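Notes to accompany the following structure.
Number of protein chains: 2
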Amino acid sequence: MQSILGLDIGGANTKACLLNLNKGKVVESKDYSKYHEVWKNSQGLSEILEELKNLFFMDKEKANEGNLTSKKGIALTMTAELCDTFLSKTEGVLSIIEMTEQIFGDIPLYIWTTQGSFASPAQIRKAPLQAAAANWLASAAALSRSPKLGSGSFLLIDMGSTTTDIIPIIRGKVMARGRTDTERLATGELVYSGLLRTAVNCLTDHIYIDGIQTRVVNEYFAISADVYRLLELISEADYDVPTPDGGGKDPESCARRLARAVASDLEELGMEKVQRIARYFQEKQINIITEGILQNISRKDLSSLYTFVTTGQGTFILQEVARRLSCSTISWWEIVPGAKSQQVMTAYCAAWLLVGDLAIRD
Amino acid sequence: MQSILGLDIGGANTKACLLNLNKGKVVESKDYSKYHEVWKNSQGLSEILEELKNLFFMDKEKANEGNLTSKKGIALTMTAELCDTFLSKTEGVLSIIEMTEQIFGDIPLYIWTTQGSFASPAQIRKAPLQAAAANWLASAAALSRSPKLGSGSFLLIDMGSTTTDIIPIIRGKVMARGRTDTERLATGELVYSGLLRTAVNCLTDHIYIDGIQTRVVNEYFAISADVYRLLELISEADYDVPTPDGGGKDPESCARRLARAVASDLEELGMEKVQRIARYFQEKQINIITEGILQNISRKDLSSLYTFVTTGQGTFILQEVARRLSCSTISWWEIVPGAKSQQVMTAYCAAWLLVGDLAIRD
Chain A
8 MQSILGLDIG GANTKACLLN LNKGKVVESK DYSKYHEVWK NSQGLSEILE ELKNLFFMDK
68 EKANEGNLTS KKGIALTMTA ELCDTFLSKT EGVLSIIEMT EQIFGDIPLY IWTTQGSFAS
128 PAQIRKAPLQ AAAANWLASA AALSRSPKLG SGSFLLIDMG STTTDIIPII RGKVMARGRT
188 DTERLATGEL VYSGLLRTAV NCLTDHIYID GIQTRVVNEY FAISADVYRL LELISEADYD
248 VPTPDGGGKD PESCARRLAR AVASDLEELG MEKVQRIARY FQEKQINIIT EGILQNISRK
308 DLSSLYTFVT TGQGTFILQE VARRLSCSTI SWWEIVPGAK SQQVMTAYCA AWLLVGDLAI
368 RD
Chain B
8 MQSILGLDIG GANTKACLLN LNKGKVVESK DYSKYHEVWK NSQGLSEILE ELKNLFFMDK
68 EKANEGNLTS KKGIALTMTA ELCDTFLSKT EGVLSIIEMT EQIFGDIPLY IWTTQGSFAS
128 PAQIRKAPLQ AAAANWLASA AALSRSPKLG SGSFLLIDMG STTTDIIPII RGKVMARGRT
188 DTERLATGEL VYSGLLRTAV NCLTDHIYID GIQTRVVNEY FAISADVYRL LELISEADYD
248 VPTPDGGGKD PESCARRLAR AVASDLEELG MEKVQRIARY FQEKQINIIT EGILQNISRK
308 DLSSLYTFVT TGQGTFILQE VARRLSCSTI SWWEIVPGAK SQQVMTAYCA AWLLVGDLAI
368 RD
């Protein structure tokens, strides 16, 4: 029996997935996802990791049963190192690794890198930047190594709460041109716009009210989650990030925040106008995502018959873009072996990749 | 027997529709459409009008038969007065009216105005600007006066070769806020982007080639007709405007022009890349039209349940926008009595409006 924990530590979300394996096959998997703003309290991450250890590795029955034969491992990937609580990405990477080692003790830690392979903590300490923002590659690598992936052209598109990753996978190979996030912003493989946390003034600088073009204020008043919640495209549970004003996540509270984005309020504008403004914001975000995809599908090595592999909370937006571009879509968990619908992709994939690597090493 | 000729004289297209009526009902209609660039040769318009007279009013058999009882009339609407061959719109209006009177002699001429009613040539000579760019209102007025129009909220959207008109019609009334074209550019009721004649550098300032953002040259090298022809969304016959380089209207010639828009050629880029560039241009034009529509549907007097009344060569683009905005569409000829599919809407509507007005006057 093997137990491999995939760990994806983002700036705003810590996601984990435990795979229990028998003879290299996934027999059980458990997910975990917690919103925690690392930039506000980087030490709070320790508590989350502690909770995870108790949840996944302290099951006494199983621990006894597998005392001798069970093999444990942690596959770590991260993006939280970009948080401005760290002076540099290097400092961020080193802090996160140290914290993880402190909590998980002698359970072997493998860190996924932008080289597309795992490294030991000692190796990362020598060159920390290779561990920075490598999580997109974990998902893409798992897809590309899956026997279920066809030999055609795919775009893995992960629309998360904050960003959207667009990764070309061609004939079974990850063909991303950017490695660092900065490079990926240039190639259109990283679009910094997401389903929940994007401030609405980053979607457009104007909207229309009663036919009049009206500028949007540059304040942190309303976010993309308010748009989709008001339009009833996400539930209150899906809105799993803090509201800008600390208010509720019901449609009326969302409308209040959206009205504020044009220096108005819900009483002044009324619900119907705010709904139309929300619809406009949605259209602009669809345009932003489409633009990134159009940049990628202009690549000459990509077949004209490409398929979107969709993942993330924004999958419903990606399906609309796919329809506009007349291309087909498939969900990631239909491709990566053992995965289930609604699972946290990156954490699952990091764990699944480590399973493969350890099997080879043994 | 009445014969009413609707005449829509645009800068690039002269369109006409003859209605033969019996007891006020349309019993026969004939269409005419000719591409002619008034700005290059304003006197050439005389030849077109002469051709029209011979075609529609010189049928000897009918002329004899109806010598005493037949009533003739011309309903004129125009946009050609904006052509830069005229020093001002006033000069343009007066020239076009004079030309029309010279050709059609004593057949009564009624000129449609931005007031939503017909005026005599003498009245227009006193205030010529009311005849300028009134053709959008002829179509909208005909719709609003049709007994078949429901009492809800409609947007009449006419995507022509050069421009797209977006006219709100609410509870049976034309509710356009702009009257002149300048005002309509401000309200979003006139979007200066069309299916055929729009230069591609007016759709976007950049495209993508093999993942690299690439600027578009500001030359008159390729037009929207090249985009849709290459994508096989229009036929060679639909491409009824001159090509920028004087070349062919086959897909390969279109691709050659589109490649030139990024300072390249078809040999260098290859057909597949140019097709992707065309797809990008199409997406940008859809965005431009959508933006104008979103401005209009932000109006507070428009119900959230609005319907597009579509017309013009770009109807297939409007149907895609409707799908994106989750609204229903209906064709104009399903609403205006006696009209047929594929008919030239404005000329038909101008004639139909005059029929109604003359019936009232008699």
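Sequence order for the protein chains is A and B.
Residue 8 is where the first sequence starts when you use our numbering, and the numbers rise one by one after that.
Residue 8 is where the second sequence starts when you use our numbering, and the numbers rise one by one after that.
Built from N, CA and C at the ideal position, the CB exists for glycine as well.
Predicted model only: the values in this text are computed from it and were never measured.
Using the DSSP secondary-structure output, state which residues sit across from residue i in a beta bridge.
{"i": "F125(A)", "result": "W119(A)"}
{"i": "D38(A)", "result": "C24(A)"}
{"i": "T84(B)", "result": "D15(B)"}
{"i": "D165(A)", "result": "D172(A) and T318(A)"}
{"i": "A268(A)", "result": "None, per the DSSP bridge assignment."}
{"i": "R222(B)", "result": "H213(B)"}
{"i": "K30(A)", "result": "For K30(A), which the question treats as bridged, DSSP gives no partner whatsoever."}
Please say whether residue j and residue i have beta carbons closer to each other than 8 angstroms?
{"i": "L150(A)", "j": "L162(A)", "result": "no"}
{"i": "G159(A)", "j": "I173(A)", "result": "no"}
{"i": "P128(B)", "j": "I104(B)", "result": "yes"}
{"i": "L203(B)", "j": "Y246(B)", "result": "yes"}
{"i": "M166(A)", "j": "Q320(A)", "result": "yes"}
{"i": "L238(B)", "j": "A285(B)", "result": "yes"}
{"i": "T318(A)", "j": "T336(A)", "result": "no"}
{"i": "A126(B)", "j": "G18(B)", "result": "no"}
{"i": "S338(A)", "j": "E279(B)", "result": "no"}
{"i": "I295(A)", "j": "L332(A)", "result": "no"}
{"i": "T187(B)", "j": "A134(B)", "result": "no"}
{"i": "V198(B)", "j": "N208(B)", "result": "no"}
{"i": "D257(A)", "j": "E243(A)", "result": "yes"}
{"i": "K37(A)", "j": "T21(A)", "result": "no"}
{"i": "G157(B)", "j": "I114(B)", "result": "no"}
For chain A, is any of its Cβ atoms less than 8 angstroms away from the one on residue i?
{"i": "R267(B)", "result": "no"}
{"i": "R306(B)", "result": "yes"}
{"i": "E274(B)", "result": "no"}
{"i": "S102(B)", "result": "no"}
{"i": "E279(B)", "result": "yes"}
{"i": "Q302(B)", "result": "yes"}
{"i": "S200(B)", "result": "no"}
{"i": "T297(B)", "result": "yes"}
{"i": "S311(B)", "result": "yes"}
{"i": "N208(B)", "result": "no"}
{"i": "Q283(B)", "result": "Contrary to the premise, residue 283(B) reads as Arg rather than Gln in this sequence. By this cut-off, R283(B) is an interface position."}
Any beta carbon from chain B within less than 8 angstroms of residue i's own beta carbon?
{"i": "D188(A)", "result": "no"}
{"i": "Y4(A)", "result": "There is simply no residue 4(A) to check, as chain A begins at 8 and stops at 369 in what is shown."}
{"i": "D217(A)", "result": "yes"}
{"i": "T194(A)", "result": "yes"}
{"i": "K178(A)", "result": "In the sequence on display, residue 178(A) carries Arg and not Lys. Chain B, which has no Cβ nearer than 8 angstroms to the Cβ of R178(A), makes this no."}
{"i": "Q289(A)", "result": "no"}
{"i": "N74(A)", "result": "Residue placement at N74(A) is flagged as unreliable, the pLDDT there being 46, under the threshold of 50; a coordinate-derived value is accordingly withheld."}
{"i": "N29(A)", "result": "no"}
{"i": "R222(A)", "result": "no"}
{"i": "N294(A)", "result": "yes"}
What residues in its chain sit with their C-beta under 7 angstroms from that of residue i, if we drop five residues either side in the sequence?
{"i": "I293(A)", "result": "I324, E327 and V328"}
{"i": "T92(A)", "result": "V45, W46 and S49"}
{"i": "R306(A)", "result": "P175"}
Closer than 8 angstroms by C-beta to residue i: which residues in its own chain qualify, once you throw out the five before and the five after it? Chain order, please.
{"i": "Y227(B)", "result": "A206 and P251"}
Using 7 angstroms as the cut-off, classify the Cβ of residue i as near or not near the heavy atoms of the ligand ZN, replying yes or no.
{"i": "T170(A)", "result": "The ligand ZN is absent from the structure shown, which contains no ligands of any kind."}
Give the DSSP-derived three-state secondary structure of residue i in the structure shown.
{"i": "K291(A)", "result": "helix"}
{"i": "V234(A)", "result": "helix"}
{"i": "K135(A)", "result": "The sequence given here has Pro at residue 135(A), not Lys. Of the three classes helix, strand and coil, the one that applies to P135(A) here is helix, per DSSP."}
{"i": "T194(A)", "result": "helix"}
{"i": "I173(B)", "result": "strand"}
{"i": "F93(A)", "result": "coil"}
{"i": "A346(B)", "result": "coil"}
{"i": "V362(A)", "result": "helix"}
{"i": "S424(A)", "result": "Any answer about residue 424(A) is impossible in this case: the structure gives chain A only from 8 up to 369."}
{"i": "E72(B)", "result": "Any reading at E72(B) must be qualified, since the residue scores a pLDDT of 49, below 50, and its modelled position is unreliable; the value itself is stated next. Helix at E72(B)."}
{"i": "A206(A)", "result": "strand"}
{"i": "K79(B)", "result": "strand"}
{"i": "S260(B)", "result": "helix"}
{"i": "T107(B)", "result": "helix"}
Once you ignore the five residues that flank residue i on each side, which residues in its own chain have a CB closer than 6 angstroms to its CB?
{"i": "T76(B)", "result": "Because T76(B) carries a pLDDT of 46, less than 50, the predicted location of this residue cannot be relied on, and no value is offered for it."}
{"i": "A357(A)", "result": "G13, A82, T84, W119 and A145"}
{"i": "R9(A)", "result": "Going by the sequence as given, residue 9(A) is Gln instead of Arg. If we look at Q9(A) and ignore the five residues flanking it on each side, its Cβ neighbours are L28 and K78."}
{"i": "R184(A)", "result": "T194"}
Of all Cβ atoms in chain C, is any one closer than 8 angstroms to the Cβ of residue i?
{"i": "S160(B)", "result": "Among the protein chains of the structure shown, namely A and B, there is no chain C."}
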